[in-house]
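Just so you know, we're using this note's numbering here: the sequence shown kicks off at 10 and counts up by one. Think of the CB as a built atom: it goes at the ideal place given N, C-alpha and C, for glycine as much as any other residue. Structure record follows, encoded as structure tokens.
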Amino acid sequence: MKRYLLTGTAGFIGARVGHYLLEDGAEVVGVDNLNDAYDVRLKHWRLEHLRGRPNFHFLQLDIRDREAVEQLFARYAPFEAVINLAARAGVPYSVVNPWIYFETNVTGTLNLLEASRRFGVVKFVLASTSSLYGILNPMPFREDADTSHPLSPYAASKKAAETLCYTYHHLYGLDVTVFRYFTVYGPAGRPDMSLFRFCQWIAEGRPLHLYGDGSFSRDFTYVDDIARGTLLGLKPMGFEVINLGSDQPHTMMEAIRILEKALGRSAQIDYHPPQAVDMPATWADITKARTLLGWEPQITLEEGLQRLVQWYLAERTWASQIKTI
């Protein structure tokens, strides 16, 4: 039986990756520090859907703690692969507290890379971000675009993590796949992301805070598509950076209109000036994912938002109380 180390197991993407690994008959050692970057009820809800399943082991652990990471590997290695989805995510708060982003996304990744080297792990997967592409690159964004002008400390921290991964590939032959995710959404998503917020605000008749005039566009990508693509990256590939996006950008206003229809309610839009860290648009070139992984996104924005709405309404008692501003 193949055993995988999955960090960020209680996270939005991590929980779905864990689900698919377990469905495939793998053994999963999941770690998460269950921090309060956003309401931990979401993390516990995701985790409860993994607990009790055969071959799942969970440890509450912070990847910033080098000694704890070493002890984890000493106890559970060897691993078929390390899938590092643990991260401090979110652009705006990284401007307020950049230190926590670098501690988790850079030092945490370094701790995992070093332990992987010491304990003979041959495959490492890193979650990265479309935020690296900034505002200077032509769209759709290709993996070979210039990523040396990040707009936020969050993006800068992910750039540093990518670079560390290449160093360990070069020095020690570690096989690495870096995935740049594009605006992931879906049931039990992060409440700091626009689509979770919009769903809650429209459903509860609260003001919908919109930065800009609604023309900003995002390559919204459904979480199950992201999880499937991530697992396809477990095969040997040397060192590769791969976009995972829908290749179908939509404006914020288009997403709002779809949510309005799904919820049967109109949004009360409260317009605000754009934020300096916001990218006007994202759009993934997914040629590489198609070629190397045989991966295609399967869920349209309309279907994905319908699933988000169905989840929200089913969990409304507590989901309506999640802090989103």
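Check	Outcome
Contact set for A124: own chain, Cβ-Cβ below 7 Å, skip 5 residues either direction	V78, E79 and F82
Reduced DSSP category for K167 - H, G, I as helix; E, B as strand; rest coil	helix
At least three beta-carbon pairs within less than 8 Å, the stretch 139 to 149 to the stretch 291 to 311	yes
Beta bridge counterpart(s) of T230 as assigned by DSSP	V193
N-terminal and C-terminal residue of the alpha helix (DSSP H) that H53 is part of	V49 to E57
Between the CA atoms of T296 and V26 - distance to the nearest angstrom	22 Å
Whole-Å CB distance - I265 paired with L217, under 8 Å assumed	7 Å
Three-state secondary structure assigned by DSSP to Q277	strand
Residue environment, G17, which counts as buried when at least 16 other CB atoms sit within 10 Å	buried
Sheet register partners of Y13 (DSSP bridge)	V37 and A90
Sufficient close CB pairs (3 or more, under 8 Å) joining the stretch 221 to 240 to the stretch 302 to 310	yes
Residues of its chain near L141, where Cβ-Cβ distance is below 7 Å and the 5 sequence neighbours each way are ignored	T156, P159, A164, K167, K168 and R189
Environment of G298 [buried if 16+ CB atoms lie within 10 Å]	Gly is not the amino acid found at residue 298; the sequence shown has Ala there. Per the 10 Å Cβ criterion, buried.
H28 (DSSP reduced to helix, strand or coil)	helix
Buried or exposed (CB count within 10 angstroms, at least 16 for buried), G129	exposed
Option in S224, D279, V286 and R274 with minimal Cα separation from P258	S224
C-alpha gap between V131 and S275, whole angstroms	51 Å
L121 and G195 closer than 9 Å at C-beta	no
Reference G242; option with closest CA among V134, A24 and Q330	V134
Reduced DSSP category for I265 - H, G, I as helix; E, B as strand; rest coil	helix
Beta strand (DSSP E) segment containing A136, residue limits	K132 to T138
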